[in-house]
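As structure tokens, the structure follows; a few thoughts come after it.
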Amino acid sequence: MLNKIIIYTTFRLPSCRLSGLLSFCLFFLPVPLYAVQITLNVADVTASSFTARGIKVVLAQKGSAEFSIDKLHMADNTWHKVHVHCAEFILSSDRVTCHKGKLDAIPDMPFTFSYEFAAQRLDLRFSAKANELWQVSADFRAQPWRATVQLRNAQVKRLADWLPPDGPLPTQGTLIGTLVVSGDKAGVRQINADVHLAGIAAADASGLHAAEKLTGKLHVDATHTSQKWNWRGALDWQSGELFWQPLYLRGGHTLQASGQWDGAQLNVTQAVANLPEVGKVELNALWDVKKSNLLEARVVGKNLSLANAFSDYAKPFMVKDAVTAAEPKGRADVDWQYRNGATQALHVKLHDVAIVDSKKRFALHGINADIPWHAQQQSEAHMAFADGELMGLPLGATQWQIQMRGKSFILPTATLPLLDGKLEVSDFHLQSVNEVWEWDFASKLTSISMQKLSAALHWPEMHGSLSGSIPKVSYQHKLLKVDGTLLFKVFDGEVLANNLKLFDPFGLAPRLSGNLDMQGLDLDLLTRTFSFGNIQGRIDLGVHNLELVSWHPVRFDAKLGSSPGKYRKRISQKAVENISSLGGAGGGAALQRSFLRIFKSFGYDSIGLSCALRNNICTMAGTEDRGNAFTIVKGGGIPAITVMGYNRKVDWSELITRLKRVLQDNKAVIK
Amino acid sequence: MNNLIKFCFALFALCVSTAASAQVNIEINTPGVVALKQSMQQRHTELAAFYASGAVGITSDGMVALRDANAVPLAARQKVNGLVAAENQDRKALYAEIARANAHPEWEGDIRSTFAQRWIQRAQAGWWVQSGGTWSRK
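So the protein sequences, as listed, match chains P and V.
Using this note's numbering, read the first sequence as starting at 49 and increasing by one per residue.
Using this note's numbering, read the second sequence as starting at 231 and increasing by one per residue.
If you want it as structure tokens, here you go:
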């Protein structure tokens, strides 16, 4: 005969003790347990951080038991329709045991449970294939009570349901180790964990925070005193990869740390991290866990290898620009202090550092510097380098003193040895305005040999010297601007540049605009340099409304003409031939071929040529215009020669091709 | 190489069709446009695999975005981030340069919108494109 007993009740427990609940119910049962099916319904069971609602226990006749819970809330997680099956359920006055138990949520992990009421000993073992074991052994009668968790090939993916769903969730890997928890009536007082991680993989939904094949050891000791946890830990990350946007790191890191945890803030009072191929850094930090916010931090590292420190830990945070294209090498001491959402101080010492731009725009070698930057206080940085290179030009040894105050940097004067001259920079001012960096300076270039300059830049050999002054150069919102007139002396004449503006100088399509006026250039020096065929005389050249995009001209109004004044004016046969060939097939129509064969040079009265470039078409004019024809070289003296042009509109690309041909091959033949 | 040819064709077709529809000379070939197109074409050989895997998708605002980093090996995620950032930098510069070359810098937004539609229309089958804030596979 089957007796069926149904009990409805509601319990509020100070702590979660289901065994006590069952004992209480069964104490009043009037019939032997083996002869009945008992259905026990409990509305809810609540304890601190634990709630179970809609509990139903069915104790069947054959010794099995079924437990179902409509809603279970534990450790900030909620499960619905939880079902537990115990193939062998034994309840006696001194213990409750469940053999061959199975949780619906983890059907591949049968478990065994036992609890001794008098001794208050608990044993829970989950086991699965591949020798996997999660075992909890607890002694609640001991003072302090103690629970030990043994992990053997424990698959971390089983922890996914216990972790915040928006963070990285484990998908692969195992844990081997021990977790010992002890405490008193007030709760957990001590935790000791010793865990070996093997092949751990984890990722969040976006994939921006992920790890693969993580292997290492973790040791943590934590003690609860005075409302706080004092903890000490060591992590030995042996291998595997970690991507934590934007950082990508590989194994080889170690960390020893200690600090406090008060339930809201994690305080790392002292930590030492060993960064592979970089060096050792000491750090402390205060982290607001609930707000996920770094409140304070300090990182100190000495004699760090800059190459890996920059590429692994600094470069990923930077916006791709000229700085990130630089590759530093050498050693550095770093002291970084962070508070209130911003860097408060950064003290950097560089020891024999080299910085080389991967695009070969600049390089500095032998840099030694002491840069004690502070967000609020004024300080001075000292920097020196042995040599360097700027756009292919060699730089000599230099020392700078830089005044710093917050995001303002001033270099009152600096001398940059450049070839056989020097570039004197004054009032260099770099500052950040509304998080946008801008800078300006004035400078003066003392005489540099054009011969050395042209050799350094791999230009045709030039003669004379280059000098000039730059009144003010400023850079703001991607715009590099020269205020005033830029003055250079070259080819024994003057070059004046004004309204110079260069937009996006570090971008793919930098745009230059401005006006150039060259006065009294010595044609002899100029034509000798470019092997154009000798011309004696002087010219003025104006290039107005100039616009270059990606350093290619897209617009200008250029006008070239003989300079005023008295000077010798001769043009060689080769120069005449070359000017003619620039004009294309019809360009040399005015030339007297037989006449040319007799004389090597000719006199001329004036040279004049203009070109208005629009839409890749150069519209030409000369010193005199006669209908469609125009005079480029007007004859004068004996023997004289006149060179005419007949093609007013020339494709700019074609003109450049012809010019290159002329400069490459001076044996231009007039047909 | 095949992808590169397709990309060049798509870019060409894009320019021609957009020019016709918006009456803007998007074919305009300034040195700046040429430099930017060359840069984008070179990068496309690297980006094509990420479009195909779904790691990178084409957004509705004429840019590209990293939509599923999990589709990329861990060691390559930094590189994809860099490619996406560089591509977007070039695209933004391209729209501005075309507008400027047309002597109408204020058209940049319209040019960008037109490019955005065309990039999506001409995306290859299997690529991910964005519409109304949601991603779908072509």
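Glycine included, each C-beta is placed from N, C-alpha and C at the ideal position.
The structure presented is a predicted model; accordingly, all values stated were derived computationally and were not measured.
Under the assumption that P:Asp-405 contacts P:Ala-373 (Cβ atoms under 8 Å), give the Cβ distance between them as a whole number of angstroms.
Indeed they touch by this definition, with Cβ atoms about 5 Å apart.
When you compare each of P:Thr-126, P:Gly-541, P:Thr-87, P:Gly-581 to P:Asp-209 by their alpha carbons, which one comes out closest?
Ranking P:Thr-126, P:Gly-541, P:Thr-87, P:Gly-581 by Cα distance to P:Asp-209 puts P:Thr-126 first.
Whole angstroms are fine: how far does the CA of P:Leu-467 sit from the CA of P:Ala-490?
Going by the C-alpha atoms only, they are around 20 Å apart.
By how many angstroms is the C-alpha of V:Gly-363 removed from the C-alpha of P:Met-366?
The alpha-carbon atoms of P:Met-366 and V:Gly-363 are separated by roughly 28 Å.
Ends of the beta strand (DSSP E) at P:Asn-322?
P:Asn-322 -> beta strand (DSSP E) spans 313 to 323.
Of all Cβ atoms in chain V, is any one closer than 8 Å to the Cβ of P:Leu-74?
Per-residue confidence for P:Leu-74 stands at a pLDDT of 45, beneath the threshold of 50, marking its modelled position as unreliable; the derived number appears in the next sentence. No, because no Cβ of chain V sits closer than 8 Å to the Cβ of P:Leu-74.
Can you confirm whether V:Arg-307, when its beta carbon is compared against all beta carbons of chain P, has any partner nearer than 8 Å?
True, the Cβ-Cβ gap to chain P drops below 8 Å.
Just confirm the distance between the C-beta atoms of P:Ser-611 and P:Ile-587, as a whole number of angstroms; I'd bet it's less than 8 Å.
About 6 Å; that satisfies the 8 Å criterion.
What does the alpha-carbon distance come out to for the pair P:Gln-318 and P:Phe-165?
Answer to the nearest angstrom: the Cα atoms are 44 Å apart.
So is P:Lys-338 buried or exposed if we call it buried at 16+ other beta carbons inside 10 Å?
Looking at its Cβ environment, which holds fewer than 16 other Cβ atoms inside 10 Å, P:Lys-338 is exposed.
Chain V beta carbons: is any one of them nearer than 8 Å to that of P:Glu-260?
Taking Cβ atoms only, chain V reaches closer than 8 Å to P:Glu-260, which makes this a yes.
Any chance you could list the beta strand (DSSP E) runs of at least 3 consecutive residues sitting entirely within the region 83 to 121 of chain P, in chain order?
Here the runs fully enclosed are 84 to 95, 98 to 107.
What three-state label does DSSP hand V:Glu-257 in the structure shown?
V:Glu-257: coil per DSSP, three-state reduction.
Report all residues from its chain with a CB closer than 6 Å to the CB of P:Val-228; omit the five preceding and five following residues, and keep chain order.
If we look at P:Val-228 and ignore the five residues flanking it on each side, its Cβ neighbours are Thr-196, Asn-240.
For P:Ser-629, which option in P:Gly-684, P:Arg-706, P:Ser-579 has the closest C-alpha, if you only look at C-alpha atoms?
Taking only the C-alpha atoms, the option nearest P:Ser-629 is P:Arg-706.
Are the C-beta atoms of V:Glu-327 and some chain P residue less than 8 Å apart?
Closer than 8 Å to some Cβ of chain P, the Cβ of V:Glu-327 qualifies, so yes.
Beta-carbon of V:Gly-262 versus every beta-carbon of chain P: anything under 8 Å?
So yes, V:Gly-262 belongs to the interface.
Kindly indicate if chain P contains any beta-carbon less than 8 Å away from that of V:Ser-361.
No - not a single Cβ of chain P is within 8 Å of the one on V:Ser-361.
DSSP three-state call for P:Gly-516: helix, strand or coil?
Looking at P:Gly-516 - three-state DSSP - the assignment turns out to be strand.
Please state the DSSP three-state secondary structure of P:Pro-376.
It is a strand residue.
Check whether chain P comes within 8 Å of V:Asn-311, counting only Cβ atoms and requiring the distance to be less than that.
Closer than 8 Å: yes.
Name, in chain order, the residues that DSSP records as bridge partners for P:Lys-549.
For P:Lys-549, which the question treats as bridged, DSSP gives the partners P:Lys-529, P:Ser-561.
What number of angstroms, rounded off, separates the C-alpha of P:Gly-636 from the C-alpha of P:Val-681?
Residue confidence is low: P:Gly-636 scores 46 on pLDDT, short of 50, so the model does not pin down where it sits. Its coordinate-derived value is still stated next. Each residue's Cα considered, the two are about 12 Å apart.
With 8 Å as the limit, tell me which residues of the region 513 to 534 of chain P have their beta carbon closer than that to any beta carbon of chain V; keep them in chain order.
Residues: none.
Using the rule of at least 16 other Cβ atoms within 10 Å of the residue's Cβ for burial, across every protein chain shown, is V:Thr-275 buried or exposed?
Per the 10 Å Cβ criterion, exposed.
Decide if P:Ala-190 is buried, meaning its Cβ has at least 16 other Cβ atoms within 10 Å, or exposed.
Exposed: under 16 other Cβ atoms inside 10 Å.
Flag V:Gln-277 as yes if its beta-carbon sits less than 8 Å from any beta-carbon of chain P, otherwise no.
The sequence given here places Leu at residue 277 of chain V; Gln does not occur at that position. Judged by the 8 Å Cβ criterion, V:Leu-277 is not in contact with chain P.
Which residues mark the beginning and the end of the beta strand (DSSP E) in which P:Trp-127 is found?
Start and end: 125 to 139.
CA-CA distance, P:Lys-492 and P:Gly-516?
Distance between the alpha carbons of P:Lys-492 and P:Gly-516: 6 Å.
Pairing CB atoms from the region 300 to 317 of chain V with CB atoms from the region 596 to 603 of chain P, are three or more of them under 8 Å?
No, the region 300 to 317 of chain V is not in contact with the region 596 to 603 of chain P.
Who are the near neighbours of P:Arg-603 in its chain, counting only those whose CB is closer than 8 Å to its CB and skipping five residues on each side?
Excluding residues within five positions, the ones whose Cβ falls inside 8 Å are Asn-593, Leu-594, Glu-595, Leu-661, Arg-662.
Quick check on P:Leu-471: buried or exposed, where buried means 16 or more other Cβ atoms within 10 Å of its Cβ?
Counting Cβ neighbours within 10 Å, P:Leu-471 comes out buried, since at least 16 surround it.
For P:Leu-556, decide whether its Cβ has a neighbour in chain V, counting only Cβ atoms nearer than 8 Å.
By this cut-off, P:Leu-556 is an interface position.
How would you label P:Trp-507, buried or exposed, when you count the other beta carbons within 10 angstroms and need 16 or more for buried?
Its Cβ having fewer than 16 others within 10 Å, P:Trp-507 is exposed.
What are the uninterrupted segments assigned as beta strand (DSSP E) that are 3 or more residues long and contained completely in the region 235 to 319 of chain P, given in chain order?
Here the runs fully enclosed are 235 to 251, 257 to 273, 276 to 292, 295 to 298, 302 to 309.
Reducing DSSP to helix, strand and coil, say where P:Arg-194 ends up.
It is a strand residue.
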